[in-house]
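For reference, the structure is listed below as structure tokens.
Protein chains: 2
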Amino acid sequence: MQPARRLYRRESEESRRTALILATQELVAEGGPEAATVRAIAERAGVTPGLIRHYFQSKDELSRAAYRALMDGMTAKGADAIEGVGAGPEERLAAFIAASLRPPVLDAGAVVLWAGYMHKVRSDPDLMAVHEASYLAYRDTLQQLIETLPRVVKPGQTRVEAIACNALIDGLWVEGSLLPGTFGPGEVITIGLSSISAILGLNLLDHTAMLPDFGKTTP
Amino acid sequence: MQPARRLYRRESEESRRTALILATQELVAEGGPEAATVRAIAERAGVTPGLIRHYFQSKDELSRAAYRALMDGMTAKGADAIEGVGAGPEERLAAFIAASLRPPVLDAGAVVLWAGYMHKVRSDPDLMAVHEASYLAYRDTLQQLIETLPRVVKPGQTRVEAIACNALIDGLWVEGSLLPGTFGPGEVITIGLSSISAILGLNLLDHTAMLPDFGKTTP
DNA sequence: CCGACTGTTATACGCGCGTATAATCGTGCG
DNA sequence: CGCACGATTATACGCGCGTATAACAGTCGG
Chain A
2 MQPARRLYRR
12 ESEESRRTAL
22 ILATQELVAE
32 GGPEAATVRA
42 IAERAGVTPG
52 LIRHYFQSKD
62 ELSRAAYRAL
72 MDGMTAKGAD
82 AIEGVGAGPE
92 ERLAAFIAAS
102 LRPPVLDAGA
112 VVLWAGYMHK
122 VRSDPDLMAV
132 HEASYLAYRD
142 TLQQLIETLP
152 RVVKPGQTRV
162 EAIACNALID
172 GLWVEGSLLP
182 GTFGPGEVIT
192 IGLSSISAIL
202 GLNLLDHTAM
212 LPDFGKTTP
Chain B
2 MQPARRLYRR
12 ESEESRRTAL
22 ILATQELVAE
32 GGPEAATVRA
42 IAERAGVTPG
52 LIRHYFQSKD
62 ELSRAAYRAL
72 MDGMTAKGAD
82 AIEGVGAGPE
92 ERLAAFIAAS
102 LRPPVLDAGA
112 VVLWAGYMHK
122 VRSDPDLMAV
132 HEASYLAYRD
142 TLQQLIETLP
152 RVVKPGQTRV
162 EAIACNALID
172 GLWVEGSLLP
182 GTFGPGEVIT
192 IGLSSISAIL
202 GLNLLDHTAM
212 LPDFGKTTP
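Chain order of the listed sequences is A and B. For the first sequence, this note's numbering begins at 2 and goes up steadily by one. For the second sequence, this note's numbering begins at 2 and goes up steadily by one.
Quick look at the structure:
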């Protein structure tokens, strides 16, 4: 007697692709790149391995799509953070910074996922372009927020400041995600805001009244 | 007729172990974790695959050793940088920072290597301990350098400052290594020194006369 | 309601992986 | 000088990988 053939439902191309991409991201985040095999991805997405090749020319193409989705998602979350907030320049900048240093952006899985793709980014010009575009877009948003601040600046100053603030946020993002027990709740945000305040010569901690999950941990 | 058996020389346990560890690091740096197979490692180290199991219980143990060596090497380079420099607190701090933002520490291979081990660090308590110790050692050196600066500080202030400076250096290290074309020569060091100056409330750029490969790019 | 289209599953292939173990030979010691 | 020890090589095994392809079945227009 033959075992019953697996039942299935047809679904849209988009939902299949996103399910496969999501499964890939989850597996890389949990177990590193080598855990994201076609069989594991298919199982997580609720399909059989062969279907991956129906929607992606190769596993590598699926990997690239997953990386693109990761980067797009992270920049989108940054843009969201300054969407629903007031018009004050300091307030908007503080909200943008805080959003990058709080879950779901501040997350060990996200860091592992990002790190897992790093060598592919270096070796694949296509992914390198995605990385560079994403990095520069984030930095550019940061720079525009900085330029709206009520200050007098020298030419070229805001570019350097944006690079520094970006690096500071990146570093806090990595260490805050990897060693969460080393910092108190909200401490990473506080450190980010105070340090960037020092770099820019202002005080962002006075503009955090509206931030979620914040206030109880600030002095 | 049989092909000739490969000739070989006996070598010390230490030289074999370091050769295997170095080969592993190089391969991960060049092609990511999946490029460091036992066969590729053995070839790079000039031995046959079986020998790996003679010196390491498993490939995983070799991987752990390679990660430990990476972290030890990076902290050692930081310590070296403040070894041969003068006694001025600002000068020593500036030398320490600059050393982390210049080759061989600022290097794409090093970043890819570091990133390639990230998920193992998360899942292996032994490696997590190595990471945490290495991170805290670096941060502690930074904090001690900051505490010798001629300033009046509030209690707990230097810890927060060390965390921020560490994060800033980490972020500049990653982006400066991954996108070297985006920054001018020495610009990463300049940005690091000026930003940390702002965080600490002093001017480190006046204490960089002795730094190698520096001076021509500062304003 | 039925047939064709195609999304989906099932199965197989070859390769390279980490590992295990036996054969070999360089070398230091008596 | 020779012999025994063990560092090193050689070979093989089984598994899981990515991929290719044929068989099947859900679905939709007529």
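Think of the CB as a built atom: it goes at the ideal place given N, C-alpha and C, for glycine as much as any other residue. From a predicted model like this one, the values you see are computed outputs, not experimental measurements.
**Prompt:** Counting contacts by CB-CB distance shorter than 8 Å, is L180/A in contact with chain B?
**Reply:** Within the first sequence, the letter at position 179 stands for residue 180/A. Yes, contact with chain B.
**Prompt:** Excluding the five sequence neighbours on either side, which residues of its own chain have a C-beta within less than 7 Å of the C-beta of D131/A, listed in chain order?
**Reply:** As a working note, residue 131/A is residue 130 in the first sequence. At residue 131/A the sequence reads Val, which differs from the Asp that was named. Contacts found: Y68, R69 and M72.
**For Y9/A, the three-state DSSP class (helix, strand or coil)** = Here residue 9/A refers to the residue found at position 8 when the first sequence is read from its first residue. The answer is coil: DSSP assigns Y9/A none of H, G, I, E or B.
**Asked** What do you reckon, are the CB atoms on A46/B and A5/B nearer than 8 Å?
**Response** As a first step, residue 46/B must be located in the second sequence, where it is residue number 45. As a first step, residue 5/B must be located in the second sequence, where it is residue number 4. Cβ atoms of A46/B and A5/B: not closer than 8 Å.
**Request:** Measure the Cβ-Cβ separation of I192/B and A165/A and say whether it is below 8 Å.
**Result:** One-based indexing of the second sequence puts residue 192/B at position 191. One-based indexing of the first sequence puts residue 165/A at position 164. Cβ distance < 8 Å, so I192/B and A165/A count as in contact.
**Message:** I want to verify the contact list: residues of chain B whose CB lies under 7 Å from the CB of I200/A, in sequence order.
**Reply:** What you label residue 200/A is simply residue 199 of the first sequence in a count that begins at 1. Within chain B, the residues near I200/A are S196, A199 and I200.
**Item:** Member of R7/B, V153/B and A116/B whose CA lies at the smallest distance from the CA of G172/B
**Value:** Walking along the second sequence from the start, residue 172/B turns up at place 171. The shortest Cα separation from G172/B among R7/B, V153/B and A116/B belongs to A116/B.
**Request:** Take A77/A as the anchor and find which of A100/A, T159/A and L203/A has the nearest alpha-carbon.
**Result:** By one-based count along the first sequence, residue 77/A stands at place 76. Out of A100/A, T159/A and L203/A, A100/A has the C-alpha closest to the C-alpha of A77/A.
**Prompt:** Any Cβ of chain A within less than 8 Å of the Cβ of R123/B?
**Reply:** Translated into positions along the second sequence, residue 123/B becomes position 122. The beta carbon of R123/B sits closer than 8 Å to some beta carbon of chain A.
**Item:** Cβ-based contacts, 9 Å cut-off: residues of the segment 156-176 of chain B near chain A
**Value:** The segment 156-176 of chain B vs chain A, Cβ under 9 Å: V161, E162, I164, A165, C166, N167, A168, L169, I170, D171, G172, L173, W174, V175 and E176.
**Prompt:** Using the beta-carbon of each residue, which ones in chain B are nearer than 7 Å to I192/A?
**Reply:** Translated into positions along the first sequence, residue 192/A becomes position 191. Chain B residues near I192/A: V161, I164 and A165.
**Prompt:** Whole-angstrom Cβ separation of A41/A and L28/A, contact assumed at under 8 Å?
**Reply:** Taking the first sequence and counting its residues from 1, one reaches residue 41/A at position 40. Taking the first sequence and counting its residues from 1, one reaches residue 28/A at position 27. Right, their Cβ atoms sit about 6 Å apart.
**Message:** Taking only three categories from DSSP, how would you classify F57/B?
**Reply:** Locating residue 57/B in the second sequence gives position 56, counting from the first residue. Looking at F57/B - three-state DSSP - the assignment turns out to be coil, as it is neither helix nor strand.
**Message:** Please confirm whether G89/A has its beta-carbon closer than 8 Å to some beta-carbon of chain B.
**Reply:** Translated into positions along the first sequence, residue 89/A becomes position 88. Among the residues facing chain B, G89/A is not included, as its CB has no counterpart in that chain under 8 Å away.
**Request:** Report yes if the CB atom of G177/B is closer than 8 Å to the CB atom of L63/B, and no otherwise.
**Result:** Here residue 177/B is taken as the residue at index 176 of the second sequence, counted from 1. Here residue 63/B is taken as the residue at index 62 of the second sequence, counted from 1. No, Cβ-Cβ distance for G177/B and L63/B is not below 8 Å.
**Message:** Counting only beta-carbon separations shorter than 8 Å, does E133/A have a partner in chain B?
**Reply:** Taking the first residue of the first sequence as 1, we reach residue 133/A at position 132. It does; some Cβ of chain B falls within 8 Å.
**Prompt:** Interface residues of chain B around G117/A at Cβ under 9 Å?
**Reply:** The residue labelled residue 117/A in the question sits at position 116 within the first sequence. Within 9 Å Cβ-Cβ: G33, P34, A116, G117, M119 and H120.
**Request:** Please decide whether Y56/A counts as near chain B, where near means a Cβ-Cβ distance under 8 Å.
**Result:** Within the first sequence, numbered from 1, the residue matching residue 56/A stands at position 55. Not an interface residue.
**Request:** Compute the Euclidean distance between the alpha carbons of P105/A and W174/A, then round it to the nearest angstrom.
**Result:** Taking the first sequence and counting its residues from 1, one reaches residue 105/A at position 104. Taking the first sequence and counting its residues from 1, one reaches residue 174/A at position 173. Roughly 11 Å separates the two Cα atoms.
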